[in-house]
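> One structure follows; several queries about it will come next.
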Amino acid sequence: MGRPTSSSLPESAPQESLTIRDNRTGKTYTVPIADNAISATAFKTMTAPRKPGEREENETEKGLRVQDKGFLNTAVIRSGITYIDGDAGVLRYRGYPIEQLALKSSHLETAYLLIYGSLPTNEQFKFFESEVMRHSVMHADAEGFFRSFRYDAHPMSMLTSAFAMLGSYYSEANPSLQGQRLYTQGNAASLATMDRQIYRLIGKATTLAAMAYRVRQGRNFVTPPTGLSYTGSFLYQMDHLSEENYTPNPVLEKALDVLFLIHADHELNASCTTVLQTGSSLVDPYSAIAAGCASLYGPLHGGANEAVIRMLISIGSPQNVPAFIEAVKRREKTLSGFGHRVYKTSDPRSFIVRKTADEVFKVTGKDELLETAMALHDAAMKDEYFIKRKLAPNVDFWSGLIYRAMGFPLDFFPVLFAVPRVVGWLAHWRQMMLQEGGVKIWRPRQVYVGAGKRDYVPVEEREKVEGAKQTPSKVEHGGITKRTMLATFKGKSKL
Ligand code: ACO
28 MGRPTSSSLP ESAPQESLTI RDNRTGKTYT VPIADNAISA TAFKTMTAPR
78 KPGEREENET EKGLRVQDKG FLNTAVIRSG ITYIDGDAGV LRYRGYPIEQ
128 LALKSSHLET AYLLIYGSLP TNEQFKFFES EVMRHSVMHA DAEGFFRSFR
178 YDAHPMSMLT SAFAMLGSYY SEANPSLQGQ RLYTQGNAAS LATMDRQIYR
228 LIGKATTLAA MAYRVRQGRN FVTPPTGLSY TGSFLYQMDH LSEENYTPNP
278 VLEKALDVLF LIHADHELNA SCTTVLQTGS SLVDPYSAIA AGCASLYGPL
328 HGGANEAVIR MLISIGSPQN VPAFIEAVKR REKTLSGFGH RVYKTSDPRS
378 FIVRKTADEV FKVTGKDELL ETAMALHDAA MKDEYFIKRK LAPNVDFWSG
428 LIYRAMGFPL DFFPVLFAVP RVVGWLAHWR QMMLQEGGVK IWRPRQVYVG
478 AGKRDYVPVE EREKVEGAKQ TPSKVEHGGI TKRTMLATFK GKSKL
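The sequence shown begins at 28 in the numbering used here and counts up by one.
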């Protein structure tokens, strides 16, 4: 916490601290630095009298606020899970480089690592794997839930809703019903309740995703098989019809496992932050995961792999790449799959994805969009616009091509990102529930720039405010037919 000191400090201040002089008041404050971070609440002590004519909403006398649109430099939690050095292109889960894990580990082993902090022994892994797999079966009633969607529903819409629906089956897992300390006590019973939900959510993520897939294909649902790996079971649940001894292709099963592993976590991205923000109210984990799923779906985040393919299709062929690049530079188009908030060099996952793509293409054949993708990649990497802004391919640039080669429909790509990311969301959620000092609800501040206090104006005295952004938009009414519009009925004038 900052403490005001009017002396001309720096010399006497501890070295691990920041000395701030508030030129409005002449006061000097010393703010401790711990782990190369300062507390934002220290600024609350830096008060000043309101200037004549200054808006009261500035709350100057209540202390300085720290403004950070889009969380560019605000640490909201202390975490021991994932480390990223965006300048050096480094990604480590619990200290282990992603390249080593991708080569030697599996998605479920890495899930154990991310959630519990260390690599499991054989016995520990078998226990975890069997808990996850035995929790993969869904209640038969869920079939009706999936069938209630429209024929063309986006699978992310189904998956997001399905996670929230899943929570409705487990009233014993809901802090709103069982007490708000359900997950925060850290004793054996509380940990067991938490871990049971973790097994369920990871186990059922593939089942729910496969159900979203099958409903679109007009297929009946299948019970998760026994004896297959996590990704093997997922492929089986999507693809098995009535064949005997159906076994998914091992190259595709392995490739999907590697893709799952590298998508399992990425520290505080938009969706993970959403899970923590939602979870900070101590809501049940199913609702928090549903919120994360919704956040991931956006085209700036997990929806980018879908956007990359749509972009490549729109470019059409390598010869159209230069014109596309120019359109991006004129800000008429976005180069999806390029750029990252954290990585200012290549995303290390993109190299693993490229290698995995080669393995997959050997069995599936090359994707016809690959040449356009390569031409686009090479042109962007050489172009001054992208070099200056340190824009390089992110994981989504290549992953979509693999999913396409594997025969997944475009709108299923974000699902293939969300399913493995459930692991990372849960690791962060568990860590937050057990953090020292308990859970603090996430409640950011704002800089209020709206109207000052004003009195209600009777309708006959109001001045009409006009303008597209200031008034409700006119919309077409598709649901009401022309015939109904021409009919007479009671209350029509209110429509
Ligand atoms: N194409 C063209 N220009 C870009 C791109 C891009 N893909 N990404 C960033 N830029 C430009 C911006 O216009 C900006 O230029 P300016 O300084 O001249 O205004 C500059 O590079 C910095 O970009 P910001 O938008 O400030 O970077 P930010 O960190 O806010 O955004 C983001 C990161 C959202 C990922 C952005 O790079 C983007 O939109 N990329 C395309 C979508 C995408 O691939 N998302 C997937 C992210 S990875 C993941 O979620 C797994």
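Ideal Cβ placement from N, Cα and C applies to all residues, glycine included.
Indicate, with yes or no, if ligand 1 has a heavy atom lying under 7 Å from the CB of Asn421.
Because some heavy atom of ligand 1 lies under 7 Å away, the Cβ of Asn421 counts as near it: yes.
> Rounded to a whole number of angstroms, what is the C-alpha to C-alpha distance between Pro326 and Pro275?
Rounded to whole angstroms, Pro326 to Pro275 spans 30 Å at the Cα level.
> Rounded to the nearest angstrom, what separates Ile342 and Thr399 at their Cα positions?
8 Å
> Please state whether DSSP places Ile60 in a helix, a strand or coil.
coil
> Among Arg119, Ser298, Arg105 and Ile336, which one has its Cα closest to the Cα of Cys320?
Ser298
> Would you say Ser307 and Trp469 are within 8 Å of each other, going by their C-beta atoms?
yes
> For Leu288 versus Leu128, is the C-beta spacing smaller than 8 Å?
In contact: Leu288 and Leu128 (Cβ atoms closer than 8 Å).
> Go to Ser44, then tell me how far its beta strand (DSSP E) extends in each direction, as first and last residue.
According to the DSSP assignment, Ser44 belongs to the beta strand (DSSP E) that extends over Ser44 to Asp49.
> For Arg489 and Gln304, what's the separation of their Cα atoms in angstroms?
In this model, Arg489 and Gln304 are separated by some 40 Å (Cα to Cα).
> What are the complete alpha helix (DSSP H) segments, minimum 4 residues, inside the region 255-307?
As for any alpha helix (DSSP H) of minimum length 4 sitting wholly inside the region 255-307, the runs are 257-266, 277-290 and 297-306, ordered along the chain.
> Are the CB atoms of Leu209 and Thr220 nearer to each other than 8 Å?
Yes, Cβ-Cβ distance for Leu209 and Thr220 is below 8 Å.
> If Ser442 sits next to Leu186, beta carbons under 8 Å apart, how far is it from one beta carbon to the other, in whole angstroms?
Rather than Ser, the amino acid found at residue 442 in this sequence is Val. Cβ atoms of Val442 and Leu186 come within 8 Å of each other, at about 6 Å.
> Rounded to whole angstroms, what's the CA-CA distance from Leu45 to Glu84? Just pull it up for me.
28 Å
> Answer yes or no: do Trp456 and Ala354 have a C-beta to C-beta separation smaller than 8 Å?
no
> Which same chain residues end up closer than 7 Å to Leu362 when comparing Cβ atoms and leaving out the 5 residues on each side of it in sequence?
Val355 and Ala407
> So, with DSSP's three-state summary, where would you put Thr211?
coil
> Between Glu199 and Phe173, what straight-line distance do the alpha-carbon atoms span, to the nearest angstrom?
Cα-Cα distance, rounded: 24 Å.
> Cβ of His328 within 7 Å of any heavy atom in ligand 3?
Among the ligands modelled here, namely ligand 1, ligand 3 does not occur.
> Return the CA-CA distance between Ala61 and Val103, expressed in angstroms with no decimal places.
14 Å
> Compute the Euclidean distance between the alpha carbons of Glu158 and Pro147, then round it to the nearest angstrom.
14 Å
> Using the beta-carbon count (16 or more within 10 Å), is Ser35 buried or exposed?
Any reading at Ser35 is ruled out, since the residue's pLDDT is 44, under 50, leaving its predicted position unreliable.
> Since Ala365 and Ala419 are thought to touch, with beta carbons under 8 Å apart, how far apart are those beta carbons, to the nearest angstrom?
Per the sequence shown, the amino acid found at residue 365 is Phe instead of Ala. That belief holds up - the Cβ atoms of Phe365 and Ala419 are roughly 7 Å apart, short of 8 Å.
> List the endpoints of the continuous alpha helix (DSSP H) containing Val484.
No alpha helix (DSSP H) holds Val484; DSSP gives it neither H nor E.
> Using C-beta distances below 8 Å, list every residue in its chain close to Thr498, excluding the 5 sequence neighbours before and after it, in chain order.
Here the set comprises Val492.
> Please identify the residue among Lys54, Val422, Ala232 and Val484 whose C-alpha is closest to the C-alpha of Ser377.
Val422
> Ordered along the chain, which non-local residues of its own chain (more than five positions away) have a Cβ less than 6 Å from that of Thr4?
The question about residue 4 has no answer, for the chain in this structure spans 28 to 522.
> Quick check on the burial criterion: 16 or more other C-beta atoms within 10 angstroms. Buried or exposed for Asp114?
exposed
> Quick one: is the Cβ of Leu534 within less than 7 Å of any heavy atom of ligand 1?
A question about residue 534 goes unanswered here, because the residues of the chain that appear run from 28 up to 522.
> With a threshold of 16 other CB atoms inside 10 Å of the CB of Ile507, please say whether the residue is buried or exposed.
exposed
> In the DSSP assignment, find the alpha helix (DSSP H) that holds Leu339 and state where it starts and stops.
Ala331 to Ile342
> For Gly90, tell me which candidate among Pro124, Ala350 and Lys54 has the shortest Cα-Cα distance.
Just measuring C-alpha positions, the residue of Pro124, Ala350 and Lys54 sitting nearest Gly90 is Lys54.
> Let me make sure I understand the geometry here. Which of Ser163, Ala384, Thr511 and Asp405 has the alpha-carbon closest to that of Gly254?
When the alpha-carbon of Gly254 is set against those of Ser163, Ala384, Thr511 and Asp405, the nearest one is in Ser163.
> With a CB to CB cut of under 6 Å and the five nearest residues on each side skipped, what residues in its chain are close to Leu118?
Ile111, Ile125 and Pro375
> Could you check where the alpha helix (DSSP H) with Ile448 kicks off and where it finishes?
The identity of residue 448 in the sequence shown is Arg, whereas the question assumes Ile. That run of the alpha helix (DSSP H) goes Phe440 to Met460.
> Are Ala40 and Ala291 closer than 8 Å when you measure CB to CB?
Against a cut-off of 8 Å, the Cβ pair of Ala291 and Ala40 comes out as no contact.
> Assuming Asp95 is part of the alpha helix (DSSP H), what are its boundary residues?
Asp95 -> no alpha helix (DSSP H), and no H or E assigned at all.
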